[in-house]
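J.:
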Ligand SMILES: Nc1ncnc2c1ncn2[C@@H]1O[C@H](COP(=O)(O)OP(=O)(O)OP(=O)(O)O)[C@@H](O)[C@H]1O
Ligand SMILES: [Mg+2]
């Protein structure tokens, strides 16, 4: 199978001269179509920076970033595939949803980038209603504002917003880190179901090993901007080869290393 995403020797520097920091160093990995690929690492290890390069928010300083065999970046300019084909869900639905917009406008907003006919078709009433119900909300919620919802509900709105364009690839940047544990499990299960139903490919970013274990087929471990280990989640959880991964796993109750207790995320 051909990879959907390919990163080759990717570096990202912020700042200049003495202030320059390497947020991402020489990162190489691939994401296959249809898989959930996990990215784990401590705060500041460069996970979100990688996500930003894939969605077009930050150009790489060096290296290649390819989507479906085409370069996403040529210098500073982002060559996106079909508009809406790559979407993102951020950690904090509180700040990622515009408080002045109604839920309906929030969900439809990504369609603005689409050609008119496609926008009309994808933003049709029936399709919107089916989507809001699918993420576990109600049609009457469409006319409300984000502050009227709980954290879990707001993240369901953010998921609907990501899916309205019919994406192929979705970046989930700590999508449940701000949620209570019970709500977190519900949202993770919703994401799993949606992936199956819609043939999605996910990049799942988290600093929570048990969440990564529950969600991902393959994964990369990041430490200080570098990928220190890549492999299937099964391999890495069974026999972590890098000391940093071993430390991450050591802090995890052994019960969570077993896929069979997956309901315990
Ligand atoms: N716009 C920016 N300007 C300067 N430095 C930045 C910028 N964005 C990120 N950084 C720095 O780059 C490094 C990587 O940040 P990044 O947000 O990618 O980490 P992360 O792994 O997503 O962390 P977290 O788990 O806290 O979300 C950090 O040292 C951060 O301070
Ligand atoms: Mg981050």
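Numbering (my numbering), first residue to last: 13 to 277.
All residues carry an ideal CB built from backbone N, CA and C; glycine is no exception.
1) Looking at residue 23: is its Cβ nearer than 8 Å to the Cβ of residue 74?
2) Just to confirm, is the Cβ distance from residue 181 to residue 98 under 8 Å?
3) Looking only at its own chain, which residues have a Cβ that is under 8 Å from the Cβ of residue 90, when we skip the five neighbours before and after it?
4) Considering only C-alpha positions, which residue in the set 114, 177, 144, 183 is nearest to residue 133?
5) Give every residue of the same chain whose Cβ lies closer than 8 Å to the Cβ of residue 274, excluding the five residues on either side of it in the sequence, and list them in chain order.
6) Return the chain-ordered ranges of every alpha helix (DSSP H) run that is complete within the segment 204-265 and spans a minimum of 4 residues.
7) Does the beta-carbon of residue 238, which I'm using as the reference point, lie nearer than 7 Å to any heavy atom of ligand 2?
8) Run through the DSSP bridge pairs and tell me what residue 51 is partnered with.
9) Looking at ligand 2, does it come within less than 7 Å of residue 110, judged from the CB to the closest heavy atom?
10) Please specify which runs of the beta strand (DSSP E), each continuous and at least 3 residues long, are wholly inside the segment 16-91, giving them in chain order.
11) Checking 8 Å against the spacing of the C-beta atoms, do residue 171 and residue 101 come in under that value?
12) With DSSP collapsed to three states, give me the class of residue 99.
13) What number of angstroms, rounded off, separates the C-alpha of residue 210 from the C-alpha of residue 87?
14) Just checking residue 107 against ligand 2 - is the residue's beta carbon closer than 7 Å to any of the ligand's heavy atoms?
15) Cβ atoms of residue 96 and residue 179: under 8 Å apart, would you say?
16) State the Cα-Cα distance for the pair residue 277 and residue 190, rounded to the nearest angstrom.
17) Can you tell me whether residue 58 is buried or exposed? The criterion is at least 16 other CB atoms within 10 Å of its CB, across all chains shown.
18) Of the choices 154, 253, 249, whose alpha-carbon is the least far from that of residue 264?
19) Are the segment 41-55 and the segment 228-245 touching, with three or more C-beta to C-beta distances below 8 Å?
T.: In this structure, then:
1) yes
2) yes
3) 68, 71, 84
4) 177
5) For residue 274, the pLDDT reaches just 48, beneath the cut-off of 50, and the residue's location in the model is therefore unreliable, although a value from the coordinates is still provided. Same-chain partners within the cutoff: 225, 226.
6) 221-227, 245-250, 255-262
7) no
8) 217, 232
9) no
10) 33-44, 48-53, 74-79
11) yes
12) strand
13) 33 Å
14) no
15) yes
16) At residue 277, the pLDDT of 48 sits below 50, so the modelled position is not reliable; the number obtained from the coordinates is stated separately. Each residue's Cα considered, the two are about 14 Å apart.
17) buried
18) 249
19) yes
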